[in-house]
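Protein chains in written order, with the numbering used here: chain A, 1 to 231; chain B, 1001 to 1231; chain C, 2001 to 2218; chain D, 3001 to 3218.
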Amino acid sequence: MPKFITLAEAVEMIPDGASIMVSGFMGCGNPHKIIDALSKSGKGNFKLICNDGAQPGGPMGEDYYGVAKLIHNRQVKHMVATHVGLNPEVGKQMNEGAMRVDLIPQGSFAEMIRAGGAGLGGVLTPTGVGTIVEDYKDYVHSVQEIDGRKYLLMKPIRADFALISGHIVDTAGNIWYKGATRNFALPMATAADIVIVEADRVVEAGEIEPENVVTSGIFVDYIVDGGKVSG
Amino acid sequence: MPKFITLAEAVEMIPDGASIMVSGFMGCGNPHKIIDALSKSGKGNFKLICNDGAQPGGPMGEDYYGVAKLIHNRQVKHMVATHVGLNPEVGKQMNEGAMRVDLIPQGSFAEMIRAGGAGLGGVLTPTGVGTIVEDYKDYVHSVQEIDGRKYLLMKPIRADFALISGHIVDTAGNIWYKGATRNFALPMATAADIVIVEADRVVEAGEIEPENVVTSGIFVDYIVDGGKVSG
Amino acid sequence: MDKDNIKSYIIARAAKEMRDGDIVNLGIGMPTMVPNFLPKDVKVIIQAENGLMRVIPCTEETCEPIYKVDAGATPVSVAPGGSYFDSCTSFGMIRGGHIDVTVLGALEVDEKGNLSNWIIPGKKLPGMGGAMDLVVGAKKVIVTMEHTQKGEPKILKNCRLPLTAVNCVDLIITEMGVMEVTPKGLVLTEINPEYSVEEVQAATEAVLIVSPGLKPMS
Amino acid sequence: MDKDNIKSYIIARAAKEMRDGDIVNLGIGMPTMVPNFLPKDVKVIIQAENGLMRVIPCTEETCEPIYKVDAGATPVSVAPGGSYFDSCTSFGMIRGGHIDVTVLGALEVDEKGNLSNWIIPGKKLPGMGGAMDLVVGAKKVIVTMEHTQKGEPKILKNCRLPLTAVNCVDLIITEMGVMEVTPKGLVLTEINPEYSVEEVQAATEAVLIVSPGLKPMS
Chain A
1 MPKFITLAEA VEMIPDGASI MVSGFMGCGN PHKIIDALSK SGKGNFKLIC
51 NDGAQPGGPM GEDYYGVAKL IHNRQVKHMV ATHVGLNPEV GKQMNEGAMR
101 VDLIPQGSFA EMIRAGGAGL GGVLTPTGVG TIVEDYKDYV HSVQEIDGRK
151 YLLMKPIRAD FALISGHIVD TAGNIWYKGA TRNFALPMAT AADIVIVEAD
201 RVVEAGEIEP ENVVTSGIFV DYIVDGGKVS G
Chain B
1001 MPKFITLAEA VEMIPDGASI MVSGFMGCGN PHKIIDALSK SGKGNFKLIC
1051 NDGAQPGGPM GEDYYGVAKL IHNRQVKHMV ATHVGLNPEV GKQMNEGAMR
1101 VDLIPQGSFA EMIRAGGAGL GGVLTPTGVG TIVEDYKDYV HSVQEIDGRK
1151 YLLMKPIRAD FALISGHIVD TAGNIWYKGA TRNFALPMAT AADIVIVEAD
1201 RVVEAGEIEP ENVVTSGIFV DYIVDGGKVS G
Chain C
2001 MDKDNIKSYI IARAAKEMRD GDIVNLGIGM PTMVPNFLPK DVKVIIQAEN
2051 GLMRVIPCTE ETCEPIYKVD AGATPVSVAP GGSYFDSCTS FGMIRGGHID
2101 VTVLGALEVD EKGNLSNWII PGKKLPGMGG AMDLVVGAKK VIVTMEHTQK
2151 GEPKILKNCR LPLTAVNCVD LIITEMGVME VTPKGLVLTE INPEYSVEEV
2201 QAATEAVLIV SPGLKPMS
Chain D
3001 MDKDNIKSYI IARAAKEMRD GDIVNLGIGM PTMVPNFLPK DVKVIIQAEN
3051 GLMRVIPCTE ETCEPIYKVD AGATPVSVAP GGSYFDSCTS FGMIRGGHID
3101 VTVLGALEVD EKGNLSNWII PGKKLPGMGG AMDLVVGAKK VIVTMEHTQK
3151 GEPKILKNCR LPLTAVNCVD LIITEMGVME VTPKGLVLTE INPEYSVEEV
3201 QAATEAVLIV SPGLKPMS
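This is how it looks when you write it as structure tokens:
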């Protein structure tokens, strides 16, 4: 069974230099309270594995939305993403040499994380064939021809931590996601040594219909109850 | 949008010799009404891609449960499965030379079907390494060593038809599965040229909460309304 | 035509490529306007690669930008029969050939159907996002863009920018005309009556094969 | 001991390997009895590879064999906090190392931890089902079986039947003793007081290394 922890405990758990997967797409599905706390922690040198750098401004007028906070506070030394165009600070810090940015096709990125969590040796995808992605030695094991078609064998991705966001989380750790927030949370919850979910709302085990559980609680190590967070 | 068809129309669509994926595990999740109709059709020479041969007797006292009907009626000339121990007729017909049976590890089987539906070139799994599965030339592309560990590169699996069972299906084809019936239906719905779902109950589009849709309706070509089936 | 009129003209033509029931993924920017130009009898299903099916604009009541945005981070909702799914499922749909059409912009496209639309080295690093998967996986790939960039051709003999994918584009639609990518090269099938074939060719680096059935673009 | 007592004896010992909170997959047959022998302070979460988490026996009210069976086709239900999932997700859990323990039977096991439990060529063709994935993926693999088959050893120097997987077994529990698979070979750590070490060795083809801390099995 997962343990309930405070935001402070979640932050304390994450050391400088950790590799951190964060769910979300342009901020939608980021675990905002954990990220906010982490952005104020003074910790850094993180490897951030996240689809994107979110956005400088949030939809509710937030300054620095989601993971953009970590980037703005220069806590990220290495970013693995698929698209960083909506957060100009990423390109700026990269050009300054302050941040390494590796860009991977989005479908491959999702599937590589899934492979990391599912014990698969890699992902054979036609995506990226004939492009500079072929040269990404850290991510591409080889180019293979199978039955006359070329594929890139992309390596699995894992991390020390996965920080994800769930709308309803039961005490057994089962997660139900609202709207489009589930995006990368599903594979990420399987592919990190420690998985922390920020819950909009916590319910008793059994309150989510077993058929409607999206992420099984067995993947979750810690729950931050976002509805009653304490520092 | 998927079309609504009768059992007779579903059966008519499936020619002799077709390759057919059938969802279910030991009969649980088989589309029973479609299988029953197909078993009475006189058609045969099928390649049946199904986890197992179900069971000679069903839990409600049925004679020949689920796909066991097709096997008993000798409509299957080639079976791709993971376990056939609960239906002795499979081994018998195989020993007679009447049926070819290929057995694949269950996790690989599921993932190979998923790869077939997701445009992946294959599946790199440690499962089967050092076993006779390595010699299954029809299913194993190669043995590869990646970062010091051996993997089998298993080929994708596709079929002409996928016959699956859904508990609630909306008019847009979205499926909600009850209990443990979803098993192989998810990957199979993505990996066949024509997908037919047998619905326990049909509802209007929008009645399944968008977050609780398990199989997106875009994968479904035809719906047999099992609640009001006609011959 | 001014900038806005050019965009509308291009997208109105792209909308005519849609068939009723098509499952469509629309790139950020201009392509998102496609639904506004669909004929009344054509309804398409819009997929957003961040995990939404049957995307529709949201209303004051249904907008929840914290929970529901499309791939361009625009707040949206889903129509009845819509659904949400994770990114692996989404790109399984895309890579697996379950998306009928994708419409997207380009920095460059060439006569082999190669596409460059994700990076200008040293200048612009947005990233490929889902574009590389979309152009490899979708059954039909339509590029919509202005014919030139500051007077320079964008339709080339060979793309010079890093590629998004090789040999992936099926159709190019600009304010000057409609070009099909064929094994023989680019075939100009429709032309904007405001331009002559010579003018279109002059604005194009690749050699255009003029279709014997060349029609006015509409 | 009669057949039933032997089974209970073996499984009671296997149950002691479970830690509170372990996620456990139990093979068909004898292993399914593990939950009946757990200490009161140990609760495990049972996964069934056909897509159930927190499997529990079903009652007259909750049994729905059309919808809910375990991997042995036995009607079951799930406890509060349980869930259902598809086969790809299930084997992602299994292959990905998210299952703490699997307990399963064997036809043969050898001193390298190789396992044969899925086929007797020409005689029996049940198929491997999920076994090959389980023994490769689970963090700990426990084999529970009778020590011999009709007097013939089942614990061999080298498996003769087709393998389920190589070097996968961690612990062997029989009615005669408990054996750990180590790089040096099989170490007998516990022995049923009804037998002498010599008797156990005589029933075993593999050479047993007797642990200096050999304890009575209990």
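Note that the Cβ used here is the ideal one computed from N, Cα and C, for glycine as well.
Under 8 Å between C-beta atoms of residue i and residue j
| i | j | result |
| --- | --- | --- |
| Leu1120 (chain B) | Pro1156 (chain B) | yes |
| Lys3215 (chain D) | Asp3170 (chain D) | no |
| Gly1166 (chain B) | His1141 (chain B) | no |
| Leu2052 (chain C) | Gly2072 (chain C) | no |
| Ile34 (chain A) | Leu186 (chain A) | no |
| Ala10 (chain A) | Cys50 (chain A) | no |
| Ile1208 (chain B) | Met2093 (chain C) | no |
| Lys77 (chain A) | Phe46 (chain A) | yes |
| Phe2091 (chain C) | Asp2022 (chain C) | no |
| Gly1117 (chain B) | Ala1191 (chain B) | yes |
| Pro31 (chain A) | Pro2065 (chain C) | no |
| Val202 (chain A) | Thr171 (chain A) | yes |
| Ile1194 (chain B) | Met1013 (chain B) | yes |
| Val2103 (chain C) | Thr2062 (chain C) | no |
Below-8 Å beta-carbon distance, residue i vs any chain B residue
| i | result |
| --- | --- |
| Leu70 (chain A) | no |
| Asn87 (chain A) | no |
| Tyr151 (chain A) | yes |
| Asn212 (chain A) | yes |
is_contact[residue i, chain C] using C-beta, thresh 8 Å
| i | result |
| --- | --- |
| Ser1108 (chain B) | no |
| Glu1111 (chain B) | no |
| Asn183 (chain A) | yes |
| Thr125 (chain A) | yes |
| Met1001 (chain B) | yes |
| His83 (chain A) | yes |
Candidates the options, of which the one nearest residue i by Cα
| i | options | result |
| --- | --- | --- |
| Lys2068 (chain C) | B:Gly1128, B:Gly1206, B:Pro1210 and B:Val1195 | B:Pro1210 |
| Thr2182 (chain C) | C:Ser2090, C:Glu2190 and C:Ile2209 | C:Ile2209 |
| Glu2199 (chain C) | C:Phe2037, C:Met2053, C:Met2176 and C:Lys2016 | C:Met2176 |
| Thr3174 (chain D) | D:Val3055, D:Ile3028, D:Arg3095 and D:Glu3108 | D:Glu3108 |
| Asn2117 (chain C) | C:Gly2105, C:Glu2111, C:Met2053 and C:Lys2123 | C:Gly2105 |
| Leu3188 (chain D) | D:Thr3032, D:His3147, D:Lys3123 and D:Ile3066 | D:His3147 |
| Pro3212 (chain D) | D:Ser3218, D:Glu3190 and D:Gly3097 | D:Glu3190 |
| Phe1004 (chain B) | B:Ala1199, B:Phe1184 and B:Ala1098 | B:Ala1199 |
| Met26 (chain A) | A:Gly66, A:Lys40, A:Thr131 and A:Ser19 | A:Gly66 |
| Ala3203 (chain D) | D:Met3217, D:Leu3163, D:Val3178 and D:Pro3153 | D:Pro3153 |
| Ala68 (chain A) | A:Val22, A:Gln55, A:Ile146 and A:Met154 | A:Gln55 |
Below-8 Å beta-carbon distance, residue i vs any chain D residue
| i | result |
| --- | --- |
| Asn95 (chain A) | no |
| Gly1231 (chain B) | At Gly1231 (chain B) the pLDDT is 49, less than 50, meaning the model places this residue with poor confidence and gives no usable figure here. |
| Ala162 (chain A) | no |
Chain A contact for residue i (CB, 8 Å cutoff)
| i | result |
| --- | --- |
| Glu2049 (chain C) | yes |
| Thr1190 (chain B) | no |
| Val3078 (chain D) | yes |
| Lys1178 (chain B) | yes |
| Gly3021 (chain D) | yes |
| Met3053 (chain D) | yes |
| Met2128 (chain C) | yes |
| Gly3137 (chain D) | yes |
| Pro2183 (chain C) | no |
| Gly1206 (chain B) | no |
Contacting positions in the stretch 3081-3105 of chain D - beta carbon closer than 9 Å to chain A: Gly3081, Gly3082, Ser3083, Tyr3084, Phe3085, Cys3088, Thr3089, Phe3091, Gly3092, Met3093, Ile3094, Arg3095, Gly3096, Gly3097, His3098 and Ile3099
Return the chain-ordered ranges of every alpha helix (DSSP H) run that is complete within the stretch 3076-3114 of chain D and spans a minimum of 4 residues. Within the stretch 3076-3114 of chain D, the runs of alpha helix (DSSP H) at least 4 residues long that lie entirely inside it are, in chain order, 3087-3095.
Return the residues of the stretch 1021-1036 of chain B that lie within a Cβ-Cβ distance of less than 9 Å from chain D, sorted by chain order. Hits within the stretch, in order: Phe1025, Met1026, Gly1027, Cys1028, Gly1029 and His1032.
Please list, in chain order, the residues of the stretch 2055-2074 of chain C that have any C-beta partner in chain B closer than 8 Å. none
Runs of beta strand (DSSP E) wholly within the stretch 2150-2196 of chain C (minimum 3 residues, chain order): 2171-2173, 2177-2182 and 2185-2191
Taking only runs of the alpha helix (DSSP H) that begin and end inside the stretch 1037-1093 of chain B, which ones reach a length of at least 4 residues, in chain order? You should have 1068-1072.
Give the residues from the stretch 2001-2014 of chain C that approach chain B closer than 8 Å (Cβ to any Cβ), ordered along the chain. none
Between the stretch 116-147 of chain A and chain C, which residues of the former have CB atoms less than 9 Å from a CB of the latter, in chain order? Thr125, Pro126, Thr127, Gly128, Val129, Gly130, Thr131, Ile132 and Val133
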